[in-house]
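Visitor: Okay, handing you the structure first.
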Amino acid sequence: MPHIVVVAALTVDVTCCSAFDDDDVTHVEGDVNPVRDLDIISNELIKKDLQYLEGAIDKVEKLTIRGGDKSKKPEYECLLKVRKLLEEDGRPVRLEIWNEKEVDILNHHLLLTAKPIVYLVNLSEKDYIRKKNKWLPKMKAWLDENDPRAACIPFSGSLELKLMDMPEDERAKYLEEQGTTRFCAILHLSTVFFNVLEKASSDK
Numbered sequence: 001m002p003h004i005v006v007v008a009a010l011t012v013d014v015t016c017c018s019a020f021d022d023d024d025v026t027h028v029e030g031d032v033n034p035v036r037d038l039d040i041i042s043n044e045l046i047k048k049d050l051q052y053l054e055g056a057i058d059k060v061e062k063l064t065i066r067g068g069d070k071s072k073k074p075e076y077e078c079l080l081k082v083r084k085l086l087e088e089d090g091r092p093v094r095l096e097i098w099n100e101k102e103v104d105i106l107n108h109h110l111l112l113t114a115k116p117i118v119y120l121v122n123l124s125e126k127d128y129i130r131k132k133n134k135w136l137p138k139m140k141a142w143l144d145e146n147d148p149r150a151a152c153i154p155f156s157g158s159l160e161l162k163l164m165d166m167p168e169d170e171r172a173k174y175l176e177e178q179g180t181t182r183f184c185a186i187l188h189l190s191t192v193f194f195n196v197l198e199k200a201s202s203d204k
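Take the sequence shown: its position 148, counted from the start at 1, is 148 in the UniProt record's numbering, and no numbers get skipped.
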């Protein structure tokens with residue numbers, strides 16, 4: 001029984017959470033709480049899919065129920081099932097198990113919660129180098145419970161910017177002094193995207 005995945009469009013949702021206080025950054029919620037942000041992101045994606053389904057279900061219903069087009073009945077029933085999953089259970093589409101016919105139907109609708117998701121966690125340079133941050137265990141617990149297949153990548157935007165401005169020899173020396181290796185979030189993301197999509201494809 002496959003898990004729904006939008007492979008044809010090669011789409012992955014990427015979202016970034018900040019896990020440290022930065023005086024130069026104003027947080028939309030007023031303070032730093034990446035676990036709360038994960039809840040907000042999850043709920044917003046579900047809300048967007050429900051808004052989309054409202055129109056999609058109405059369109060198929062006109063053909064099936066009012067127009068008598070029996071060929072559209074499986075799609076109609078599938079979309080109703082998705083709406084119930086999102087509305088009543090609050091579960092993203094990608095975590096549900098679907099049969100082959102349902103997968104084919106859902107791949108035509110490109111729902112946001114059907115896509116694999118990658119979370120970027122922006123750490124301070126200090127936290128990234130020491131590989132420790134008070135929010136990481138809490139975020140892992142949230143992901144284990146709510147989105148166990150999601151990829152989560154810690155990185156340090158401030159460190160990346162600092163390294164980009166350094167000559168190569170100076171950069172190497174700085175990294176050696178800090179006891180770390182350069183982490184390029186963009187390059188690593190491409191690898192993660194490939195792995196996420198490959199894993200999602202193998203679940204089909």
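Virtual Cβ for every residue (Gly too), placed ideally from N, Cα, C.
(1) Are the CB atoms of W135 and V121 nearer to each other than 9 Å?
(2) Quick check: the Cα distance between K62 and K73, rounded to an integer number of angstroms?
(3) For A56, I'd like the list of residues in its chain whose CB is within less than 8 Å of its CB, leaving aside the five on either flank, ordered along the chain.
(4) Kindly indicate which three-state DSSP category N43 falls into: helix, strand or coil?
(5) Using 10 angstroms around the beta-carbon of M139, count the other beta-carbons present and answer buried if the total reaches 16, otherwise exposed.
(6) When DSSP labels each residue in this structure, what does V6 get in the three-state scheme?
(7) Specify, as a first and last residue, the run of the alpha helix (DSSP H) that Y118 falls within.
(8) Using alpha carbons as the reference points, say which of Q178, K70 and V103 lies closest to R94.
(9) Here's a check: name, in chain order, each residue in its chain whose Cβ is nearer than 6 Å to the Cβ of V25, leaving out the five neighbours to either side.
(10) Suppose the cutoff is 8 Å on Cβ atoms and the five residues either side in sequence are ignored; what does the same chain contact list for L85 look like?
(11) At what residues does the alpha helix (DSSP H) containing P137 begin and finish?
(12) Counting along the chain, where does the alpha helix (DSSP H) carrying P74 start and finish?
(13) Which residue or residues does DSSP assign as beta-bridge partners of P154?
(14) Ends of the alpha helix (DSSP H) at L175?
(15) Can you list, in chain order, the residues of its chain with a C-beta nearer than 6 Å to that of P154? Leave out the 5 residues immediately preceding and following it.
(16) Measure the Cβ-Cβ separation of L111 and D58 and say whether it is below 9 Å.
(17) Grab me the residues of K132's own chain with a C-beta within less than 7 Å of its C-beta, minus the 5 sequence neighbours each way, in chain order.
(18) Between V60 and K47, what straight-line distance do the alpha-carbon atoms span, to the nearest angstrom?
(19) Tell me whether the beta-carbon of T113 lies closer than 9 Å to the beta-carbon of L38.
(20) Under a Cβ-count criterion, where at least 16 other Cβ atoms within 10 Å of its own Cβ denotes burial, should S71 be classed as buried or exposed?
Guide: Looking at the atomic coordinates:
(1) Locating residue 135 in the sequence shown gives position 135, counting from the first residue. Locating residue 121 in the sequence shown gives position 121, counting from the first residue. Taking 9 Å as the Cβ cut-off, W135 and V121 qualify as a contacting pair.
(2) The sequence position of residue 62 within the sequence shown is 62, counting from 1. The sequence position of residue 73 within the sequence shown is 73, counting from 1. Taking the straight line joining both Cα atoms gives about 11 Å.
(3) The residue given as residue 56 occupies position 56 in the sequence shown. Contacts found: L79 and H109.
(4) What you label residue 43 is simply residue 43 of the sequence shown in a count that begins at 1. Here N43 sits in helix by DSSP.
(5) Here residue 139 corresponds to residue number 139 of the sequence shown, with the count starting at 1. Buried: at least 16 other Cβ atoms inside 10 Å.
(6) By one-based count along the sequence shown, residue 6 stands at place 6. Note that V6 has pLDDT 36, beneath the 50 cutoff, so the model's placement of it is unreliable and no number is given.
(7) Here the question's residue 118 lines up with position 118 in the sequence shown. According to the sequence provided, residue 118 is Val. The question's Tyr does not apply to it. That residue, V118, is in no alpha helix (DSSP H); its beta strand (DSSP E) goes I117 to N122.
(8) The sequence position of residue 94 within the sequence shown is 94, counting from 1. Residue V103 is the option with its Cα nearest to R94.
(9) Within the sequence shown, the letter at position 25 stands for residue 25. The pLDDT assigned to V25 is 48, lower than 50, so where the model puts this residue is not dependable, and the model offers no usable value.
(10) Here residue 85 refers to the residue found at position 85 of the sequence shown. So the list reads R91, V93 and E96, once near-sequence residues are dropped.
(11) The count along the sequence shown starts at 1 and reaches residue 137 at position 137. Residues W135 to N146.
(12) Against the sequence shown, residue 74 aligns to sequence position 74. K73 to K84 is the extent of the alpha helix (DSSP H) around P74.
(13) Taking the first residue of the sequence shown as 1, we reach residue 154 at position 154. DSSP output for P154 lists V121 as bridge partner(s).
(14) Counted from its first residue, the sequence shown places residue 175 at position 175. It spans E168 to Q178 - the alpha helix (DSSP H) in which L175 sits, taken as one unbroken run.
(15) Here residue 154 corresponds to residue number 154 of the sequence shown, with the count starting at 1. These residues qualify, in order along the chain: V121 and L123.
(16) As a first step, residue 111 must be located in the sequence shown, where it is residue number 111. As a first step, residue 58 must be located in the sequence shown, where it is residue number 58. The answer is no: Cβ separation not under 9 Å.
(17) Against the sequence shown, residue 132 aligns to sequence position 132. No residues qualify anywhere along the chain.
(18) Numbered from 1 along the sequence shown, position 60 holds the residue referred to as residue 60. Numbered from 1 along the sequence shown, position 47 holds the residue referred to as residue 47. Cα to Cα, V60 sits roughly 20 Å from K47.
(19) Indexing the sequence shown from 1 puts residue 113 at position 113. Indexing the sequence shown from 1 puts residue 38 at position 38. Cβ atoms of T113 and L38: not closer than 9 Å.
(20) Translated into the one-based positions of the sequence shown, residue 71 becomes position 71. With fewer than 16 Cβ atoms within 10 Å of its Cβ, S71 is classed as exposed.
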